[in-house]
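Enquirer: Sequence order for the protein chains is A and B.
Numbering-wise, the working numbering puts 105 at position 105 of the first sequence, and it's gapless, one number per residue.
If you want the working numbering, it's the 1-based position in the second sequence plus 354.
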Amino acid sequence: METKLMKGNEALAEAAIQAGCDAYFGYPITPQSEVLEYLALEMPKHGRIVLQAESEVASINMVYGAAGAGFRSMTSSSSPGISLMQEGISYIAGAELPCLIVNVNRAGPGLGTIQPGQGDYFQSTKGGGHGDYRLIVLAPSSVQEMADFVFLGFDLADKYRNPVLILSDGAIGQMMEKVTFGKFKPKKIDKPWATTGKTKDRERNYITSLHIQPEKLEIHNRKLVAKYEEIKKNEVRFEEIHTEDAEYIIVAYGLCARICHKAINIAREKGIKVGMLRPITLFPYPSERLHELAETAKSMLTVELNAGQMVEDVRLAVNGKVPVEFYGRMGGMLPNPEEIVEKLENLIHNNHAI
Amino acid sequence: MQSEEHLLVDEQLITVKDPDTGKETDTVLTDIEVPAKPRCLDDEYEMVYHKPKTMVDVSMHYCPGCAHSQFHKLIMEAVDELGIQEQTIGVAPVGCAVFAYDYMNIDMSEAAHGRATATATGIKRLMPDKYVFTYQGDGDLAAIGTAETIHTINRGENIAIFFMNNAVYGMTSGQMAPTSLVGMKTTTSPTGRNVADYGFPIKVSELIAQLPGAFYVTRQAMHNPTAVRKAKKAILNAFKYQKLHKGTCFVEVIGNCPSNWKLTPVEANKFIDESMVKTFPLGDIKLPSTEDLKLLEQEK
């Protein structure tokens with residue numbers, strides 16, 4: 001075990017090497033360029049492939065090629081770059097290739113700003129590109145998780161033959177924290193479907209998302225849906241803080257969850273029984289657990305760095321059992337804990353809940 | 355000598371009624387008995403040609419007379435002759451050749467429109483000793499994929515790019531391509547491509563030959579037997595040169611598209627001779643140096 005002080009982006013990059021990433025393809029964009037910079041120096045030392053592509057469009061298609069050949073492949077970018085990758089991600093999901101994509105989310109829309117945001121929640125969790133597909137989405141809220149989720153992400157990608165997205169943000173990517181390595185080992189598996197050259201003992205392999213006959217495409221669609229159901233069954237991950245006796249539940253992920261944790265401590269000192277559910281997987285979503293929590297909670301507050309995206313999933317999970325309110329900051333601005341406590345107090349007052 | 359199989363058979367379509375069910379079916383009546391075994395397998399015949407072994411034995415979706423099927427076949431012949439089926443990975447484009455993997459009995463990856471060379475880069479970088487090629491049309495390679503094409507070649511990726519230039523978007527049924535000739539009528543240039551609006555056809559081979567990463571650049575055609583033989587040689591070279599790891603091999607083939615040119619296959623081939631090659635002159639544009647060719651000899 002080795003503990004280091006590292007930036008989130010660097011920790012993620014180091015984890016990629018330790019998780020046996022064979023190839024990284026990327027394009028510079030703030031606030032995630034450190035990933036490419038770190039790997040440009042370190043990957044060749046391990047005999048791995050690193051390549052700065054001519055665009056995000058090219059990067060994701062290089063990932064497609066390398067992943068199709070059976071190698072652990074990844075790319076990273078930030079919001080505008082991830083938008084450019086959507087076509088390729090759709091093809092990867094359609095062709096069922098395992099790979100890791102990292103979005104260090106910045107605020108938008110358009111060029112927006114380089115400050116942190118969570119405005120890509122819809123894009124990340126509802127498909128993002130064209131067609132019916134889902135990514136497995138992991139939301140780290142610390143530098144340690146930036147590293148840990150790389151191992152988890154590659155393993156889940158291989159297990160389900162599905163692209164995995166780490167949805168981070170500009171703050172988690174840029175901040176420095178302690179990070180410990182050595183907890184996980186890469187679990188590489190055989191990929192007999194890969195395009196490594198047709199040997200005599202097998203039929204040719206081909207990677208494609210094309211199924212021109214509607215009857216066959218629907219069979220493929222159903223297979224994908226069945227896989228997503230399997231993922232929903234097995235891979236939901238979340239963290240709970242003070243939910244045992246909570247009358248109010250805050251739901252927040254990533255950077256927001258850290259700010260909310262502090263807000264909960266302040267509110268508890270004031271005697272408000274508040275807890276938090278922090279989704280770690282945004283797809284699959286911890287809907288079932290939220291539904292259970294709605295049995296005992298009086299109301300819920302979703303806090304996000306956007307105009308209200310995840311709150312829709314919370315409302316779907318709770319299904320009208322308790323009121324679900326939303327508080328968000330945008331444009332790269334962050335709420336402070338006191339602001340959240342105030343919002344919580346207003347909510348309690350307005351709902352006559354005390 | 356013309357064999358009997360090639361004689362036209364007198365056919366007669368008749369309707370046969372099933373006495374039990376009363377159902378009527380159409381049947382062809384011929385007065386020639388079809389031999390159980392093809393005559394070409396008789397000892398007195400010598401086998402002078404067969405399909406490449408690495409072609410999958412299915413009928414193709416290509417239109418009659420289309421150059422794609424010929425181009426596929428030449429590539430697979432090259433794979434056969436070099437004995438590299440196990441080491442070859444192909445990348446198919448979006449366009450008419452989107453189903454290339456249905457016909458080529460090698461590992462293949464389908465790529466998004468224009469991204470074939472990026473996909474091939476991903477494959478080749480991870481497996482530098484394999485033979486990797488892309489097969490792309492003019493819309494794919496010279497319009498939507500221009501950035502990928504230029505940067506892949508500029509990096510000198512050790513892949514072969516097989517570029518089918520038929521001056522038209524075939525799969526989407528005949529729209530104007532970046533390589534459409536000046537004045538050429540297509541569904542999106544109904545009065546003919548005009549330079550004021552769309553500029554001149556892009557000469558990709560000449561353009562990319564300027565890049566130091568391009569190792570071998572040639573433009574061939576397949577509209578007559580001599581051209582086919584030359585194209586085949588160029589394809590073989592593009593595979594062989596990959597062993598040198600010296601850069602990208604680019605083989606442009608001027609192909610016909612009878613359906614979208616609204617010409618018969620014979621007329622289409624004539625059009626290549628009379629019009630296409632005036633804009634796209636055939637021949638080698640960039641060749642390996644003598645030293646490089648010596649290296650290749652040593653490799654053997």
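Here a beta-carbon is modelled for each residue, glycine too, at the ideal position from N, C-alpha and C.
I want to see whether chain A comes within less than 7 angstroms of Gly493 (chain B), judged by CB atoms only; does it?
Expert: Chain A contact via Cβ: absent.
Enquirer: For Val433 (chain B), I'd like the list of residues in its chain whose CB is within less than 6 angstroms of its CB, leaving aside the five on either flank, ordered along the chain.
Expert: Excluding sequence neighbours, Val433 (chain B) sits near Thr408, Gln439, Thr442.
Enquirer: Would you say Lys183 (chain A) faces chain B, with C-beta separation under 7 angstroms as the test?
Expert: Not one chain B Cβ lies under 7 angstroms of Lys183 (chain A).
Enquirer: Report yes or no: is there a C-beta of chain B within less than 7 angstroms of the C-beta of Tyr27 (chain A)?
Expert: No, Tyr27 (chain A) does not count as interfacial toward chain B.
Enquirer: Is there contact between the segment 321-336 of chain A and the segment 271-279 of chain A, where contact requires at least three CB pairs shorter than 8 angstroms?
Expert: The answer is no - the segment 271-279 of chain A does not touch the segment 321-336 of chain A, with fewer than three Cβ pairs under 8 angstroms.
Enquirer: When Cβ atoms are compared, which residues of the segment 448-470 of chain B fall closer than 9 angstroms to chain A?
Expert: Answer in chain order: Val448, Val452, Phe453, Tyr455, Asp456, Met458, Asn459, Ile460, Asp461, Met462, Ser463, Glu464, Ala465, Ala466, His467, Gly468, Arg469, Ala470.
Enquirer: List the residues of chain B that Gly197 (chain A) touches, going by C-beta distances under 7 angstroms, in chain order.
Expert: The contacting residues are Glu440, Gln441, Thr442, Ile443, Asp461, Lys484.
Enquirer: Within its chain, find whatever has a CB closer than 8 angstroms to the CB of Ile354 (chain A); leave out the 5 residues flanking it on each side and keep chain order.
Expert: The pLDDT assigned to Ile354 (chain A) is 43, lower than 50, so where the model puts this residue is not dependable; a value taken from the coordinates is nonetheless given after this. Excluding residues within five positions, the ones whose Cβ falls inside 8 angstroms are Ile348.
Enquirer: For Lys191 (chain A), is the classification buried or exposed, using 16 other Cβ atoms within 10 angstroms of its Cβ as the cut-off for buried?
Expert: Buried.
Enquirer: Buried or exposed: Thr644 (chain B), going by 16 or more other Cβ atoms within 10 Å of its Cβ?
Expert: Burial call: exposed.
Enquirer: Three or more C-beta pairs closer than 8 angstroms, one from the segment 77-89 of chain A and one from the segment 44-64 of chain A: is that the case here?
Expert: Judged by Cβ distances under 8 angstroms, the segment 77-89 of chain A makes contact with the segment 44-64 of chain A, as three or more pairs qualify.
Enquirer: Can you tell me whether Ile340 (chain A) is buried or exposed? The criterion is at least 16 other CB atoms within 10 Å of its CB, across all chains shown.
Expert: Flag for Ile340 (chain A) reads buried.
Enquirer: Quick check: is the beta carbon of His422 (chain B) nearer than 7 angstroms to any beta carbon in chain A?
Expert: So, not an interface residue.
Enquirer: Taking its Cβ as the centre, do 16 or more other Cβ atoms sit within 10 Å of Pro482 (chain B), making it buried, or is it exposed?
Expert: Answer is exposed; the Cβ neighbour count stays below 16.
Enquirer: Given a cut-off of 7 angstroms on the beta-carbon distance, is the pair Lys460 (chain B) and Lys198 (chain A) in contact?
Expert: As written in the sequence, residue 460 (chain B) is Ile, which differs from the Lys given in the question. For Ile460 (chain B) and Lys198 (chain A), yes; Cβs fall inside 7 angstroms.
Enquirer: If we count the other Cβ atoms within 10 Å of its Cβ and call it buried at 16 or more, is Met146 (chain A) buried or exposed?
Expert: Its Cβ being crowded by 16 or more others within 10 Å, Met146 (chain A) is buried.
Enquirer: DSSP has Ser463 (chain B) in a bridge; who is on the other side?
Expert: Partner(s): A:Ile207, B:Val445.
Enquirer: Note down the Cα distance separating Val486 (chain B) from Ser527 (chain B), rounded to an integer number of angstroms.
Expert: Computed Cα separation, rounded: 29 angstroms.
Enquirer: Just to confirm before moving on: does the CB-CB distance between Thr506 (chain B) and Thr475 (chain B) stay below 7 angstroms?
Expert: Yes, the pair counts as a contact, with Cβ atoms nearer than the cut-off.
Enquirer: Which whole runs of the beta strand (DSSP E) in the segment 234-312 of chain A are 3 residues long or more, in chain order?
Expert: For the segment 234-312 of chain A, whole beta strand (DSSP E) runs of length 3 or above, ordered along the chain, are 238-241, 248-251, 274-279, 281-283, 299-304.
Enquirer: Could you give the distance in angstroms between the alpha-carbon of Thr419 (chain A) and the alpha-carbon of Arg134 (chain A)?
Expert: Shown here, chain A extends from 1 to 354; a query on residue 419 (chain A) therefore has no answer.
Enquirer: In terms of residue numbering, what span does the beta strand (DSSP E) encompassing Phe181 (chain A) cover?
Expert: Phe181 (chain A) -> beta strand (DSSP E) spans 176-181.
Enquirer: Which residue marks the beginning of the alpha helix (DSSP H) containing Asp551 (chain B), and which one marks its end?
Expert: Run containing Asp551 (chain B): 549-552, per the alpha helix (DSSP H) assignment.
Enquirer: Is Ala15 (chain A) helix, strand or coil when you go by DSSP?
Expert: Three-state result, Ala15 (chain A): helix.
Enquirer: Determine, using beta carbons only, whether Leu649 (chain B) and Leu590 (chain B) come nearer to each other than 7 angstroms.
Expert: No; because the gap between Cβ atoms is not below 7 angstroms, this pair is not in contact.
Enquirer: Ser209 (chain A): which of B:Glu464, B:Ser413, B:Ile513 sits nearest, CA to CA?
Expert: Ranking the options by Cα distance to Ser209 (chain A), first place goes to B:Glu464.
Enquirer: Just to confirm before moving on: does the CB-CB distance between Met538 (chain B) and Gly449 (chain B) stay below 7 angstroms?
Expert: Going by C-beta atoms, Met538 (chain B) is not nearer than 7 angstroms to Gly449 (chain B).
Enquirer: According to DSSP, simplified to helix, strand and coil, what is Arg583 (chain B)?
Expert: Looking at Arg583 (chain B) - three-state DSSP - the assignment turns out to be helix.
Enquirer: Based on Cα-Cα distance, which residue from A:Lys232, A:Ala157, A:Leu138 lies nearest to Phe149 (chain A)?
Expert: Here the closest residue by C-alpha is A:Leu138.
Enquirer: Taking a contact to mean a Cβ-Cβ separation below 7 angstroms, would you say Leu255 (chain A) touches Pro140 (chain A) in this structure?
Expert: Result no, Cβ atoms of Leu255 (chain A) and Pro140 (chain A) do not sit closer than 7 angstroms.
Enquirer: Taking the Cβ atom as the reference point for each residue, do Tyr489 (chain B) and Ala521 (chain B) lie within a distance shorter than 7 angstroms?
Expert: Not closer than 7 angstroms, so no.
Enquirer: Do we get a CB-CB distance below 7 angstroms when we pair Met62 (chain A) with the residues of chain B?
Expert: Closer than 7 angstroms: yes.
Enquirer: Check whether the segment 506-515 of chain B and the segment 596-615 of chain B touch, using three or more Cβ-Cβ pairs below 8 angstroms as the test.
Expert: As far as the Cβ criterion goes, the segment 506-515 of chain B touches the segment 596-615 of chain B, which means the pair count is three or higher.
Enquirer: For Tyr38 (chain A) versus Glu10 (chain A), is the C-beta distance shorter than 7 angstroms?
Expert: Going by C-beta atoms, Tyr38 (chain A) is nearer than 7 angstroms to Glu10 (chain A).
Enquirer: So, do the segment 41-55 of chain A and the segment 211-229 of chain A have three or more beta carbon pairs nearer to each other than 8 angstroms?
Expert: Touching, no, given that fewer than three Cβ pairs across the two stretches are closer than 8 angstroms.
Enquirer: Since Asp22 (chain A) meets chain B, which of its residues come closer than 7 angstroms, beta carbon to beta carbon?
Expert: Going along chain B in sequence order, the residues near Asp22 (chain A) (Cβ under 7 angstroms) are Leu480.
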